[in-house]
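K.L.:
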Amino acid sequence: MSDAMTVVEGLDFVVSLAAGLVHPEDLDAARNVADAARERAGHLGATMVLALVGGTGSGKSSLLNALAGEEVASTSPVRPHTTEPLAWIPSRTEPSLSLLLDRLGIGRRVTHNQFEQLAILDMTDIDSIAAGHRSLVERVMPEVDFVVWVLDPVKYADPVLHRDFIVRLADSSDRLIFVLNKVDRLDEANLKPVTDHLGRLLADDGIDQPVIFEVAADPPGGETRGIEELVAHLKARLDEKRIHVGKIIDDARRVSGAVAGAAGVTAGGSLDFEERWLSVREMIVTDVDEGGGAAAVEEALRLIEGFILKLSTDAGGVFGSRLRHSFDPDRIETELLAALQAAAVGVDPDRDLDRQLQERFGAPLRTLLWERASLAAAVAGLAVDATTVGESIGRSPS
Ligand SMILES: Nc1nc2c(ncn2[C@@H]2O[C@H](COP(=O)(O)OP(=O)(O)O)[C@@H](O)[C@H]2O)c(=O)[nH]1
Ligand SMILES: [Mg+2]
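Counting from 13, one number per residue, gives the positions in the sequence shown under this note's numbering.
(1) Answer yes or no: do Arg378 and Val277 have a C-beta to C-beta separation smaller than 7 Å?
(2) Using only alpha-carbon positions, find the residue among Asp157, Gly81 and Ile296 that is nearest to Gly57.
(3) Among Ile316, Ser185 and Ala390, whose alpha-carbon lies nearest the alpha-carbon of Asp220?
(4) What would DSSP say about Pro232, mapped onto helix, strand or coil?
(5) Residue range of the alpha helix (DSSP H) that Glu311 falls in?
(6) Using the C-alpha atoms, what's the distance from Ala16 back to Val257?
(7) Does the segment 45 to 56 come close enough to the segment 252 to 269 to have 3 or more Cβ pairs within less than 8 Å?
(8) Beta-carbon separation of Asp164 and Ser74 under 7 Å?
(9) Taking Glu226 as the reference, which of Ile316, Asp216, Asp340 and His245 has the closest Cα?
(10) On a CA-only basis, which of Gln353, Pro376 and Ala375 is nearest Leu365? Give me that one, please.
(11) Can you give me the start and stop residues for the alpha helix (DSSP H) that Arg412 sits inside?
(12) Could you compute how far the alpha carbon of Ser338 sits from the alpha carbon of Ile320?
(13) Candidates Arg314, Gly304 and Trp289: which alpha carbon is nearest Arg367's?
(14) When the distance is taken between beta carbons, is Val195 closer than 7 Å to Ala228?
(15) List the DSSP bridge partners of His124.
(16) Going by the CB atoms, is the gap between Val159 and Val65 shorter than 7 Å?
(17) Taking 7 Å as the cut-off, decide whether the C-beta atoms of Trp161 and Phe127 are in contact.
(18) Hey, quick one: how far does the beta strand (DSSP E) through Leu133 stretch, first residue to last?
(19) For Ala327, which residues in the same chain have their Cβ closer than 7 Å to its Cβ, ignoring the five residues on either side in sequence?
(20) Under three-state DSSP, which class holds Ala63?
(21) Would you mind reading off the limits of the beta strand (DSSP E) that contains Leu75?
(22) Is Val20 near Val401, with beta carbons less than 7 Å apart?
(23) For Leu214, which residues from the same chain have a beta carbon less than 6 Å from its beta carbon, with the 5 sequence-adjacent residues on both sides left out?
(24) When the Cα of Arg234 is compared with those of His124, Gly218, Ile296 and Glu82, which residue comes out closest?
(25) Identify every run of the alpha helix (DSSP H) within the segment 20 to 48, keeping only runs that are complete inside it and at least 4 residues long; order them along the chain.
(26) Which one of Asp263, Ile260, Leu192 and Arg254 has the shortest CA to CA distance from Glu241?
(27) Assign Arg237 to one of three DSSP states: helix, strand, or coil.
(28) For Arg120 versus Glu96, is the C-beta spacing smaller than 7 Å?
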């Protein structure tokens, strides 16, 4: 199973194989796409990951239950109700999501089939005085797509919450969602003033245009409020994410194709190397056996030069010119004369002319071809992954 991370890793691999085979600028373009994808804050995968954070008893677990429409996380009126974090994740879990949960140390995982690409992490309660909790939020922030702050009408203005937590996340303000929970505890007349006040506090914290939802996740009587609005918002953000991940995948495919083109690995697979090389060797050996002399040497030079030229033309691109440069006429002549001489001395009967030609030309050419084949395979693999991932996030293959 592939996900967007696999595609970016595939691109890294293509870049590493292409180093030395293409111009640095072509490589930089590919590297930039991979870097930009990796450095993007949030989860690099098709699943949208939310982390619910907030003080003990603010209603994080209740909110998860309300979004899920079933009892997922245990809630408690008794405080502090310390629980391990819990992840509510799609039953078809993408590999990079499992890795994310491993990294965050979240072992309790409940699977669902409701929102195909939504994962919600009910994090440990944030006790506003413990420094460890601050670092937890700061650690989670870059890894998830959205942090949902669950606040209640009593404690939303807590200066410690604003100063020690929210102000510090102002740079990521576009990935913060605020839920004012337990609005059933406010009179209708008080609701708007409280929400407005929260909005002003958040603006003072440096959050531009804070996204605030008025919610009752678990009111007495069971009539929840604001859940549908929150779900609609999450769906819209998931669509944005699909577009974004789709773009990463398209970019990866495009730059890896460009690298392959520049390296000259898009033309033909094997270039019929073995077949052609065998016939060149046979002709040379026959000529030399049938009298040799200067004419045979001239003919052998012509054959090898022609062979390498054809190989490099068929390969094309930077790869082709690399072949030509690494076997220029001087090197061909030097290696050929050395091969003829060693074979003529004939100390070791196994080291005949054919064997000499293999060692001096065949082996180094095969090494070059192997690099080319590896790059071609990596590019092809990336294209397959990109198509699979594109389909998994609901896009038609391009
Ligand atoms: N009145 C009211 N109580 C709520 C609401 N949401 C949660 N609670 C209650 O608040 C308490 C703490 O909720 P919980 O979800 O366990 O909070 P957590 O510690 O943030 O996970 C529980 O008794 C919930 O029933 C709400 O919208 N209205
Ligand atoms: Mg809880």
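We put the CB at the ideal spot given by N, CA and C, even for glycine.
P.N.:
The structure says:
(1) Taking the sequence shown and counting its residues from 1, one reaches residue 378 at position 366. Taking the sequence shown and counting its residues from 1, one reaches residue 277 at position 265. No, the Cβ-Cβ distance between Arg378 and Val277 is not below 7 Å.
(2) Walking along the sequence shown from the start, residue 57 turns up at place 45. With distances taken between Cα atoms, Gly57 lies closest to Asp157.
(3) Walking along the sequence shown from the start, residue 220 turns up at place 208. For the residues Ile316, Ser185 and Ala390, the minimum Cα distance to Asp220 belongs to Ser185.
(4) One-based indexing of the sequence shown puts residue 232 at position 220. Reduced to three states, the DSSP call for Pro232 is coil.
(5) Residue mapping note: residue 311 aligns to position 299 of the sequence shown, counting from 1. Counting along the chain, the alpha helix (DSSP H) containing Glu311 begins and ends at Gly305 to Ala327.
(6) Numbered from its first residue, the sequence shown carries residue 257 at position 245. Numbered from its first residue, the sequence shown carries residue 16 at position 4. One C-alpha to the other measures close to 7 Å.
(7) yes
(8) If you number the sequence shown from 1, residue 164 lands on position 152. If you number the sequence shown from 1, residue 74 lands on position 62. Not in contact: Asp164 and Ser74 (Cβ atoms no closer than 7 Å).
(9) By one-based count along the sequence shown, residue 226 stands at place 214. It is His245.
(10) For the purposes of this step, residue 365 is taken as the residue at position 353 of the sequence shown. When each option's Cα is compared against that of Leu365, the closest is Gln353.
(11) Examination of residue 412 is not possible in this model, given that the chain is present from 13 through 410 alone.
(12) Within the sequence shown, residue 338 is the residue found at index 326, counting from 1. Within the sequence shown, residue 320 is the residue found at index 308, counting from 1. Looking at the two C-alpha atoms, the distance is approximately 10 Å.
(13) What you label residue 367 is simply residue 355 of the sequence shown in a count that begins at 1. Selected option, being the one with the closest Cα: Trp289.
(14) Residue mapping note: residue 228 aligns to position 216 of the sequence shown, counting from 1. Residue mapping note: residue 195 aligns to position 183 of the sequence shown, counting from 1. Going by C-beta atoms, Ala228 is nearer than 7 Å to Val195.
(15) Within the sequence shown, the letter at position 112 stands for residue 124. Beta-bridge pairing links His124 to Pro102.
(16) Counting from 1 along the sequence shown, the entry for residue 65 is found at position 53. Counting from 1 along the sequence shown, the entry for residue 159 is found at position 147. Yes, they are a contact pair.
(17) For the purposes of this step, residue 161 is identified with residue 149 of the sequence shown, where counting begins at 1. For the purposes of this step, residue 127 is identified with residue 115 of the sequence shown, where counting begins at 1. The answer is no: Cβ separation not under 7 Å.
(18) The residue you call residue 133 lines up with position 121 of the sequence shown. Start and end: Leu130 to Asp134.
(19) Along the sequence shown, read from residue 1 onward, the residue named residue 327 stands at position 315. If we look at Ala327 and ignore the five residues flanking it on each side, its Cβ neighbours are Gly276, Ala279, Leu283, Leu335 and Arg384.
(20) Here the question's residue 63 lines up with position 51 in the sequence shown. Residue state, collapsed to three classes: strand.
(21) Counted from its first residue, the sequence shown places residue 75 at position 63. Unbroken run through Leu75 is the alpha helix (DSSP H), Lys72 to Ala80; no beta strand (DSSP E).
(22) Here residue 20 corresponds to residue number 8 of the sequence shown, with the count starting at 1. Here residue 401 corresponds to residue number 389 of the sequence shown, with the count starting at 1. No.
(23) Along the sequence shown, one-based indexing puts residue 214 at 202. So the qualifying residues of the chain are Pro222.
(24) Mapped onto the sequence shown, residue 234 falls at position 222. The identity of residue 234 in the sequence shown is Gly, whereas the question assumes Arg. If we check each option's Cα against that of Gly234, Glu82 comes out closest.
(25) none
(26) If you number the sequence shown from 1, residue 241 lands on position 229. For Glu241, the nearest C-alpha among the options comes from Leu192.
(27) On the sequence shown, position 225 is the one that residue 237 refers to. Reduced to three states, the DSSP call for Arg237 is strand.
(28) Position 108 of the sequence shown, counted from the start, is the residue given in the question as residue 120. Position 84 of the sequence shown, counted from the start, is the residue given in the question as residue 96. In contact: Arg120 and Glu96 (Cβ atoms closer than 7 Å).
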